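Going by my numbering, the final residue of the first sequence carries number 271, and the count climbs one at a time with no gaps.
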Amino acid sequence: MPELPEVETTLRGISAHIKQQTIAKAIIRQYQLRWPIPANIQQLLANKSIAKLERRGKYILLRTNSGTIIIHLGMSGNLRILTKPTPPKRHEHLDLIFHNNKILRFTDPRRFGAFLWVEGDPYEHPLLRNLGVEPLTKEFSGQYLLSQAKGRTIAIKTLLMNNAIVTGVGNIYAAEALFASCIYPAVPAKSLSIERLDKLVKCIKLILRQAIKRGGTTLKDFVNSEGKPGYFSSQLKVYGRNGSPCMVCGKTLERMLLGQRSTVYCGSCQR
DNA sequence: CAGAATACCTGCGGGC
DNA sequence: TGCCCGCAGGTATTCT
Numbered sequence: 001m002p003e004l005p006e007v008e009t010t011l012r013g014i015s016a017h018i019k020q021q022t023i024a025k026a027i028i029r030q031y032q033l034r035w036p037i038p039a040n041i042q043q044l045l046a047n048k049s050i051a052k053l054e055r056r057g058k059y060i061l062l063r064t065n066s067g068t069i070i071i072h073l074g075m076s077g078n079l080r081i082l083t084k085p086t087p088p089k090r091h092e093h094l095d096l097i098f099h100n101n102k103i104l105r106f107t108d109p110r111r112f113g114a115f116l117w118v119e120g121d122p123y124e125h126p127l128l129r130n131l132g133v134e135p136l137t138k139e140f141s142g143q144y145l146l147s148q149a150k151g152r153t154i155a156i157k158t159l160l161m162n163n164a165i166v167t168g169v170g171n172i173y174a175a176e177a178l179f180a181s182c183i184y185p186a187v188p189a190k191s192l193s194i195e196r197l198d199k200l201v202k203c204i205k206l207i208l209r210q211a212i213k214r215g216g217t218t219l220k221d222f223v224n225s226e227g228k229p230g231y232f233s234s235q236l237k238v239y240g241r242n243g244s245p246c247m248v249c250g251k252t253l254e255r256m257l258l259g260q261r262s263t264v265y266c267g268s269c270q271r
């Protein structure tokens, strides 16, 4: 999916168009996403005003004064702003039409995404309650990772992709950060020293920030709020490059499966 | 409890 | 051209 940089790009893109704006109408063409969109969502959302937009991990929160829309882009989702009515194409499941005539359109071919409504504190929602730290905060440190890795034999890459530990790091950025920090992706989490975890954390933060700067990574589906792709793809050093030469040492990059996820790495640079 | 496997859904590229 | 297989940015749920 959209990982953290793509979600952040989306949030920044839609924010100016719908902040403080009031929903005139919600049109739902497909209710069956990861979880069903609430059947009465039209009534729930009519005349609600978006007070604040937030990101938590890979979730986007649209806060109104009486409840919050929780959006997840799943594996293939995107949110775009349309400035005039446009006939929906296949997989364009939902429109929020605002009084300023802007339209927020949710598209998601694989339907792994979510569009939910919650009253009360959204951070207490079951999907958000147990999320780990935000990777771009100082809470996310080598020391923190060390404490989470203690006693765990799980591969470091799988640990990084566990959203209960740190949110927003998915398959692309986990692979890239492990390459940048010269860590073998399958190494048991508990075996890494604080020095190596410090390095890993620095690399994760750097890569996520660079990816946000470039508007995220587009492999296939991801487009920003204007329908344009992200430009971080050209910076990828291992993801999707199995069989190609390592950009550092020239050795052929290899692939393995970790937690059922494809993982590309350099057997020479990453130990 | 940790860790592994499974499930959800559609689309695409490769092999035959 | 068409069918079948494997694979794809996520993650909750079920199993061992």
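Even glycine gets a Cβ: it sits at the ideal position worked out from N, Cα and C.
Here the structure is a predicted model, which is why all the values come from computation and not from measurement.
Cα-Cα separation between residue i and residue j, rounded to whole angstroms
{"i": "K213", "j": "L45", "result": "33 angstroms"}
{"i": "Q235", "j": "V248", "result": "13 angstroms"}
{"i": "R209", "j": "T137", "result": "12 angstroms"}
{"i": "Y184", "j": "G132", "result": "23 angstroms"}
{"i": "S141", "j": "R129", "result": "21 angstroms"}
{"i": "K237", "j": "T263", "result": "12 angstroms"}
{"i": "R55", "j": "E8", "result": "7 angstroms"}
{"i": "Q143", "j": "L197", "result": "8 angstroms"}
{"i": "A180", "j": "K202", "result": "10 angstroms"}
{"i": "V223", "j": "E139", "result": "30 angstroms"}
{"i": "Y31", "j": "H99", "result": "23 angstroms"}
{"i": "I41", "j": "P229", "result": "30 angstroms"}
{"i": "T167", "j": "L62", "result": "19 angstroms"}
{"i": "E124", "j": "R241", "result": "40 angstroms"}
{"i": "N47", "j": "T86", "result": "22 angstroms"}
{"i": "C266", "j": "I204", "result": "18 angstroms"}
{"i": "F288", "j": "I28", "result": "The question about residue 288 has no answer, for the chain in this structure spans 1 to 271."}
{"i": "S225", "j": "K251", "result": "39 angstroms"}
{"i": "L33", "j": "A155", "result": "31 angstroms"}
{"i": "K272", "j": "A24", "result": "The chain is shown only over 1 to 271; residue 272 falls outside these bounds and no answer can be derived."}
{"i": "G215", "j": "P5", "result": "7 angstroms"}
{"i": "L160", "j": "L192", "result": "13 angstroms"}
{"i": "K89", "j": "Q260", "result": "32 angstroms"}
Whole-angstrom C-beta distance between residue j and residue i, which should lie under 8 angstroms
{"i": "K19", "j": "L53", "result": "6 angstroms"}
{"i": "L200", "j": "A186", "result": "Not confirmed; about 14 angstroms, so no contact."}
{"i": "P188", "j": "G77", "result": "Not quite, the Cβ-Cβ distance comes to about 33 angstroms (not below 8 angstroms), so this is no contact."}
{"i": "A211", "j": "Y239", "result": "Wrong, their Cβ atoms sit about 11 angstroms apart, outside the cutoff."}
{"i": "E92", "j": "R110", "result": "14 angstroms between Cβ atoms; not a contact."}
Residues sharing a beta bridge with residue i, DSSP
{"i": "I97", "result": "K25, I103"}
{"i": "H17", "result": "DSSP, once it has assigned bridges, lists no residue as partnering H17."}
{"i": "L4", "result": "Partner(s): none; L4 has no beta bridge."}
{"i": "G67", "result": "T64"}
{"i": "V133", "result": "V166"}
{"i": "H91", "result": "The partner list for H91 (beta bridge, DSSP) is empty, contrary to what the question assumes."}
{"i": "A155", "result": "P188"}
{"i": "P245", "result": "T252"}
{"i": "E139", "result": "Partner(s): none; E139 has no beta bridge."}
Residue i, DSSP secondary structure in three states
{"i": "H273", "result": "Past the boundaries of the shown model lies residue 273; the chain is included only from 1 to 271, so the question cannot be answered."}
{"i": "L82", "result": "strand"}
{"i": "A114", "result": "strand"}
{"i": "Y265", "result": "strand"}
{"i": "V187", "result": "coil"}
{"i": "L236", "result": "coil"}
{"i": "S147", "result": "helix"}
{"i": "K273", "result": "The displayed coordinates of the chain run from 1 to 271. Any statement about residue 273 would go beyond what the structure contains."}
{"i": "E195", "result": "helix"}
{"i": "Q30", "result": "coil"}
{"i": "L258", "result": "strand"}
Legend entry - Three-pair Cβ contact test at 8 angstroms for the stretch 64-74 versus the stretch 138-155: Under the 8 angstroms Cβ criterion, the stretch 64-74 does not count as touching the stretch 138-155, having fewer than three qualifying pairs.
Inset, instruction - Specify whether the stretch 150-166 and the stretch 113-122 touch according to this definition: at least 3 beta carbon pairs, one from each stretch, less than 8 angstroms apart. - result: In this structure the stretch 150-166 does not touch the stretch 113-122; the number of beta carbon pairs closer than 8 angstroms is below three.
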